[in-house]
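Under my numbering, the sequence shown is numbered contiguously, ending at residue 327.
Even glycine gets a Cβ: it sits at the ideal position worked out from N, Cα and C.
Predicted model only: the values in this text are computed from it and were never measured.
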Amino acid sequence: MKNWMRRMAAVLIALAALCAAAAAETLYDTVRLTFEDGFSLSVPADWVSYEVPDELADEGYCYCLGSADGERLMYIQLWPTGCEDLDALREMLSARDEIVLREGSEDQTNFLMYNFVEEDCSGCATLLGESVLNLLFIPQSDADNMLIAATVMESYEAVGE
């Protein structure tokens, strides 16, 4: 009888862990957005669009989305590139002093992930046709925001290719 109770307790603990993991993945409702630039992403349904300041637009920033209170932001940047593959993009990004690439990041996604050395910002970049698609998430220090960033990144899909 004691073995049966131990097994049942183990099953209940495992079930509770699975339920907690499933609940963590769906902490928020998402909406699928398709961008005219040829990609789509799933973002939290309660996010809003912000105007991109002119100085950032000049640097290739096209979109800014985030929480209504402005506490969590995602900037989307596109710039033309001659990179043929992720290895070339990795080489280009690793030459930048202001960022630190996370090694092996593209193993799970098509993105190269990085952190800014002196900013509370995390980013990820991939190739989209002849351009680099760069997503920046602010603040990096917000663990929930980094979970959102991972979910957004995993939802990426190139469209029209």
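**OP:** Name, in chain order, the residues that DSSP records as bridge partners for Val298.
**Re:** Under DSSP, the beta-bridge partners assigned to Val298 are Trp245 and Leu293.
**OP:** Alpha carbon to alpha carbon, how far is Tyr194 from Ile242? Give it in angstroms, no decimals.
**Re:** Ile242 and Tyr194 have their C-alpha atoms roughly 21 Å apart.
Original post:
Can the beta-carbon of Ser297 be found closer than 8 Å to that of Pro219?
Top reply: Contact check for Ser297 against Pro219 fails: the beta carbons are separated by 8 Å or more.
**OP:** Could you check the C-alpha separation between Leu255 and Leu299 for me, to the nearest Å?
**Re:** Rounded to the nearest whole angstrom, the CA to CA distance from Leu255 to Leu299 is 11 Å.
Subject >> Buried or exposed by the 16-neighbour rule on C-beta atoms within 10 Å, applied to Gly248 >> reply: By the 10 Å Cβ count, Gly248 comes out exposed.
Subject >> Reduced DSSP secondary structure (H/G/I, E/B, other) of Glu112 >> reply: Examination of residue 112 is not possible in this model, given that the chain is present from 167 through 327 alone.
Original post:
Between the region 256-270 and the region 213-229, do three or more beta carbon pairs fall short of 8 Å?
Top reply: No, the region 256-270 is not in contact with the region 213-229.
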